[in-house]
Each structure stands twice: as structure tokens, then as C-alpha cells.
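First comes the structure, then the notes that go with it.
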Amino acid sequence: KDETYRDVKTGFGGIRDIEFVVQFLQLLHGGRLPAIRIPNTLEALASLEEQGVLKEEEANHFAKAYAFLRRVEHILQLEHGSQTHRLPERGSEFETLALRLGYRAKKSLSASQALRRDIEETTSRTRQLLLLLFTDLFQSDDDEGDVFESMLDESSEPSRVFTVLSTYGIANPSAAWSRLREMAKEQDAFKRFAPRLRSYLLSALPEMLRFAKSTPDPDTTIANFERMTAGLGAKGAFYELIAAKPEVLRLFGVLCAYSTRLIEIIQQRPGLLDEFLELIRFERQHDLESLRAEVEVRSLAAASFVEGAKWTFDLELLRIGLFDVSGRESTHETMLALATLAHAILGHGVKHALSEALTKFPDLAERKAALFEDFCVVALGKFGSGAMAYDSDLDLIFVHGGGPETFAFYDAAALALRKELAAIYEVDLRLRPMGSAGPVVSTLASFADYFQGKAAFWERLAMTRARVVVNAEDPIGQHVSDVIARFVYDAALPDNAAHEVRRMRREMELKEGLDDPKRGVGGLLDFEMCVEYLQLLQGQSDPTLRQADVVAAGDALLRQGLGGQELKEAKEGYLVLRRIINRLQLAGASLSALYSETIAAQRLASLLGFETPESCRDAIDLARNALRKA
Numbered sequence: 027k028d029e030t031y032r033d034v035k036t037g038f039g040g041i042r043d044i045e046f047v048v049q050f051l052q053l054l055h056g057g058r059l060p061a062i063r064i065p066n067t068l069e070a071l072a073s074l075e076e077q078g079v080l081k082e083e084e085a086n087h088f089a090k091a092y093a094f095l096r097r098v099e100h101i102l103q104l105e106h107g108s109q110t111h112r113l114p115e116r117g118s119e120f121e122t123l124a125l126r127l128g129y130r131a132k133k134s135l136s137a138s139q140a141l142r143r144d145i146e147e148t149t150s151r152t153r154q155l156l157l158l159l160f161t162d163l164f165q166s167d168d169d170e171g172d173v174f175e176s177m178l179d180e181s182s183e184p185s186r187v188f189t190v191l192s193t194y195g196i197a198n199p200s201a202a203w204s205r206l207r208e209m210a211k212e213q214d215a216f217k218r219f220a221p222r223l224r225s226y227l228l229s230a231l232p233e234m235l236r237f238a239k240s241t242p243d244p245d246t247t248i249a250n251f252e253r254m255t256a257g258l259g260a261k262g263a264f265y266e267l268i269a270a271k272p273e274v275l276r277l278f279g280v281l282c283a284y285s286t287r288l289i290e291i292i293q294q295r296p297g298l299l300d301e302f303l304e305l306i307r308f309e310r311q312h313d314l315e316s317l318r319a320e321v322e323v324r325s326l327a328a329a330s331f332v333e334g335a336k337w338t339f340d341l342e343l344l345r346i347g348l349f350d351v352s353g354r355e356s357t358h359e360t361m362l363a364l365a366t367l368a369h370a371i372l373g374h375g376v377k378h379a380l381s382e383a384l385t386k387f388p389d390l391a392e393r394k395a396a397l398f399e400d401f402c403v404v405a406l407g408k409f410g411s412g413a414m415a416y417d418s419d420l421d422l423i424f425v426h427g428g429g430p431e432t433f434a435f436y437d438a439a440a441l442a443l444r445k446e447l448a449a450i451y452e453v454d455l456r457l458r459p460m461g462s463a464g465p466v467v468s469t470l471a472s473f474a475d476y477f478q479g480k481a482a483f484w485e486r487l488a489m490t491r492a493r494v495v496v497n498a499e500d501p502i503g504q505h506v507s508d509v510i511a512r513f514v515y516d517a518a519l520p521d522n523a524a525h526e527v528r529r530m531r532r533e534m535e536l537k538e539g540l541d542d543p544k545r546g547v548g549g550l551l552d553f554e555m556c557v558e559y560l561q562l563l564q565g566q567s568d569p570t571l572r573q574a575d576v577v578a579a580g581d582a583l584l585r586q587g588l589g590g591q592e593l594k595e596a597k598e599g600y601l602v603l604r605r606i607i608n609r610l611q612l613a614g615a616s617l618s619a620l621y622s623e624t625i626a627a628q629r630l631a632s633l634l635g636f637e638t639p640e641s642c643r644d645a646i647d648l649a650r651n652a653l654r655k656a
């Protein structure tokens, strides 16, 4: 029948809603929890909270709402002398009811308005909690319905459970059943919430099994669900989330089906998934400034900079990886997110390294602010170009503007930074002026001198990907950026530039092997070097082409009508190959693994978004042909 706020007993969010919640939960859990078999509603609510069936906030709301609505009901019946539960329609009668309940007019509300507000807020929250607790609970209406519950019990008949599990593509139902029973066990510290955990797991189980069946290896998917949840502080909160939001279940299901690397991170850091759930719920920001602040806060709270930075890295890598494999973010967005994460960690790492080095040079302590502002870091390669993969290293150049008395200080800071970052990234300094033969930290004068007359042509190509990532807005950062821009774009290209680019590209192919996906024939470097050459060719007259981001630079070239259809198709091929390489890194696999006829190859193909390994290999061939054609 029609539900309204007017009936405080049988209406929307009324007394019957609360009684239904209590009675249903008693029926559901009373067999295992005799303590909740209490006829009094308020006493039963307290027991349900004490036994972990309801959260404290839920039990408190139901108890307060029940007492409030009962009081309204009693006043109504005293007023009218009958068994009525309906609120009066006439305004004067409603005002009288409010006054009898103790409400008084205030500045912005009359007594009746305040009562109406409280009734609507109370009943709305009651109905909201009822739906949260029972939506889709025990949703299966076929013969398997009761089998799902038996899957979580040690004493169930194995043959029946095995039969149902087999229908979901499970090859080893005994092992899968064991995994599911483990998932139903709460940590000792949260034992009181075990009934709630069981309810939500039971609600999510049919969808979880259906998802597992859709993956290439359902056994592995279920095993990874158990591995992922094993260390959770409160499993029930996770099951509650995936029971209420099937899209979140599928998001984590993709991780369980395909990403060995991310599962291992969760296993190594059990608390990480708890925090990630909060991140998902509240959609925290992941821009550079937010990540910088997060690294700083964690480093202050942790035993060391490395510990705090590594936690941030693992948490953000989990988010990036999940959003990548689920298709929530594009390949370009994924690469940029990885570069932003590296940028944030490096930025705080520089501050930490400079501070630590300063303790060894007390004579310079009074100049701390100036020393920090007179140091900058240049990013190159994949980091500089915003095209990072999950396994990318950091190509860096360190530059300072201090006098001779600061040389040892800056060297010590740079070497300490490199050592500390080694727990997260490999730092490559070989692209600095004079390469491995040059100083670890270049002076501003020597940096400018080198790029004004000593650098080779190949370095012009490499420096198209350069950008200052630490102290970019300070005078030294702006000076270094100017030096780079003049070096890359001021001078005309030599007559043999195109020939030289092809020669260098050929040397890389022969050195790394023709099949190498990065440097081989039709590898990623085909697109990158094509873009770099066109930037050198046209960037002098068109500043809009001077972009370190290689994909954005490719788009800028295309907007100017440069590169034609070949460059457009090469960019598309580049992103296809990038996505494949990145996701293979998440799976802990190499490209060669796709060229076999195994279940592993099928899993990898599915991870990459293809139905079969053959279709994946065809896409790789098309991408590499487009790259080579450009």
C-alpha cells in the first residue's frame, strides 16, 4: 500500500521498518547466536550491536528512532483516544502535537515545522539503513540458493558444493571451497562482526562466482580473492562494499583475475587494501599537489622518508593499476598518473636529501633556504615525456647554482637521494652532461656551457623530452629550462638530420634485437623518434610543438597538419603497444608469453582486452607495422 510519512507505524521508515530489521536479523543469525533471541525490540538492538550483527551507529539510530516514533504514537493515541498511528493533516492539530512533544518555535522554524523535519529525517535514515542491510541479500531464487550458504560452512556436504562450483568453471572445487570458507573467517580482533561479514559475503557470492566464471582461469580468480582479503583488518567492511556495489566487485575482480603484481603488493601490505577502500569511497584527489602532501605527511609519520614514500607509492600504484585494467582510465592517463606519482615522490625526496646532507655540512646551515632554492632536477626519457610504464626508471639530471664551497654538499645530497629512491625507482644519471664521465651534479655554468656547444645531435632529440620537475618556478629552474629550449630549438637542423635519425634508430635495433617491443623494428621508439625529429624540424617556428609529453606533442603535430595519416596511425599503434606492455608488467609477464598456446596466454590476452591470444598478436602486428611505417 501507499507509504507516507504520515503513518509512524506502518509508513515509510516507521516503527514496522525497525521491527522488521530486528526480527529478520534474529531469524538470520539466531541459530548461531542465542544471545540475540530477545523479544524486546530495544534490548534486541543492543544485543545485535554487541554481537556484531549491527554497527554501533546503526543500532543507535534504530534505538533512538524507535523510541522517538513510539513517543509520537503514544501522544497521538492519548490525543485522539484511539489506536491511531497517523499524523494529523490539519496544521493546527500538527502544531498541537508538536507542542505536546516538547517542541517550541525558534527563529526560523515553528514547532510543527521542527517536528515534521525530525520525522522525515528519522524515517528517511531508517529506510536507508533497511535498504543497505537487505538489498539483494540472498538474491538467488533457484535451487542453488541454499548451496551458497553451505559453501561457507565446514560441515556441509562436499559433493553438492562441488557440483555447484563446477558449474562456475571451477576446475578444483575442493581448493575453491577451502578458499571460500577462509574468506568467511573474520580476524580475531573483529570476531564480533563475523555474522555481519557472513551476511555480506553471502550476498556478494553469486556475483563473485559469476564474475570468476567469465575470466580465463576461475580457480585463480577465486584464489586471489582469498589472498587479497586474507590480511584485511575488517573483512566485513569490504564485503559490505562489494555486496552493495557490484561495479566495485568487478573492479577488484579484474585485479584478482589478471594482476599478480598488485595482489602481491596487497599481500605484503595487508593494511593497504583497508586504506584503498577509503580512497575508493571518498574519491580522494590524485593530482601532483595532493600526492606531494600525502608523501610528506606519511614520511613524517613513518620511521623514514623511504617508508612513507613507499607506502604512498604502493597505494597509488594499486589505484593506477586497478583503474588501468578496469578501463576506467586511458593508456595516456595511466602513463601520466605514473609520472605524477614519481614527480611527487621525487619532490619530497629532494627536500629530505638536502636536509640530511646539510647535517654533514654545518658551515652551510645558515644558507639553507638559498641552497634549497639553488638546486633543480631535470626529468628526461619516459619520466620527462609523461610516458611512464610500471617498471620505468627515472632519467634525471641534477643542476645547482652554488659556488665551489657547495659542490661536496650537493654531490652528497644527490647520491643520498639516488640511494634512498632505489627502494622504489632505479635512478639513471647517464644522460647528464658528459654522461658517466661527468660530475653527478652539474653547476649551472657547466650545464649551460655543455649545451651551448659540446652536446651531440642525439642529445637534441633526447632533450625534447626534458622538463624541470623540482624548483621549476625558481630562478635556477627557469634558467635551466631556457638553456634546454635554446639548445633544442634555436639552431637549424644539419642537412643530414633525417639520415642521422634513421642511422641511430638502426643501431638501436641491431643492439637490442629486431623483435624488442621498445627498440626493435616497429617498437615504441619509432613513434618517439619520429615525433622528436618533427619537433626539431618545426618547433623553432611553432612554440606550440615544444611539449615534453610525447603523446601531447604528437597531437600538436597532427593539429598543425604535420606527419599525416602515418603519424596518426603510429600514435594509435604506440598507445596500443604501450597498453600491452604496461599490463604485461602488471601481470609479471613478458611479450613472449603471448606467443604460446597455454591458459597463461589466454589470461594475458583477456587482461589486454582481447578474446584470444591470436587476436592480441594480430593487434600487436598492426601496431608495429604502423609504427614502422611512420
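When you read off a place in the sequence shown, starting at 1, and then add 26, the result is the number in the working numbering.
Where is the CB? At the ideal position from N, CA and C, for every residue including glycine.
{"Check": "Cβ pair count under 8 Å reaching 3, the stretch 448 to 462 against the stretch 417 to 426", "Outcome": "yes"}
{"Check": "Cα-Cα separation, residue 442 to residue 384", "Outcome": "12 Å"}
{"Check": "Residue 370 classed as buried or exposed, judged by whether at least 16 other C-beta atoms fall within 10 angstroms", "Outcome": "buried"}
{"Check": "Cutoff 8 Å; reference residue 205; Cβ partners in own chain excluding five residues on either side", "Outcome": "248, 249, 251 and 252"}
{"Check": "Of the residues 243, 35 and 180, the one placed nearest residue 632, counting alpha carbons only", "Outcome": "243"}
{"Check": "Separation of residue 254 from residue 75, as counted between CA atoms", "Outcome": "27 Å"}
{"Check": "Backbone CA spacing between residue 551 and residue 303 [nearest angstrom]", "Outcome": "38 Å"}
{"Check": "Distance between residue 299 and residue 345 (C-alpha atoms, nearest Å)", "Outcome": "10 Å"}
{"Check": "Uninterrupted beta strand (DSSP E) stretches inside the stretch 361 to 442 (no shorter than 3 residues)", "Outcome": "401 to 406 and 420 to 426"}
{"Check": "Three-state secondary structure assigned by DSSP to residue 508", "Outcome": "helix"}
{"Check": "Nearest candidate by alpha-carbon position, reference residue 65, set 104, 45 and 541", "Outcome": "45"}
{"Check": "Residue 52 versus residue 225: straight-line alpha-carbon distance, rounded", "Outcome": "13 Å"}
{"Check": "Contact with chain B by residue 349, beta-carbon distance below 8 Å", "Outcome": "Absence of chain B from the displayed structure is noted, only one protein chain being present."}
{"Check": "Given 8 Å, three or more beta-carbon pairs between the stretch 475 to 494 and the stretch 358 to 365", "Outcome": "no"}
{"Check": "Burial state of residue 313 (16 or more Cβ within 10 Å)", "Outcome": "exposed"}
{"Check": "C-alpha gap between residue 444 and residue 191, whole angstroms", "Outcome": "51 Å"}
{"Check": "Same chain only: Cβ atoms within 6 Å of residue 357, ignoring 5 sequence neighbours per side", "Outcome": "601, 604 and 605"}
{"Check": "The stretch 569 to 586 in contact with the stretch 642 to 652 per 3-pair CB rule at 8 Å", "Outcome": "no"}
{"Check": "From 271, 545 and 399, residue whose alpha carbon lies closest to that of residue 377", "Outcome": "399"}
{"Check": "Residue 488 to residue 467 span [Cα, whole Å]", "Outcome": "19 Å"}
{"Check": "Test item: CB-CB of residue 68 and residue 101 under 8 Å", "Outcome": "no"}
{"Check": "Residue environment, residue 591, which counts as buried when at least 16 other CB atoms sit within 10 Å", "Outcome": "exposed"}
{"Check": "Alpha-carbon spacing of residue 485 relative to residue 256, whole angstroms", "Outcome": "50 Å"}
{"Check": "Between the CA atoms of residue 648 and residue 638 - distance to the nearest angstrom", "Outcome": "16 Å"}
{"Check": "First through last residue of the alpha helix (DSSP H) which encompasses residue 494", "Outcome": "No alpha helix (DSSP H) contains residue 494, which is instead part of the beta strand (DSSP E) from 493 to 496."}
{"Check": "Contact test: residue 48 Cβ vs the ligand MG heavy atom, cutoff 7 Å", "Outcome": "Looking at this structure, you won't find the ligand MG or any other ligand, since it has none at all."}
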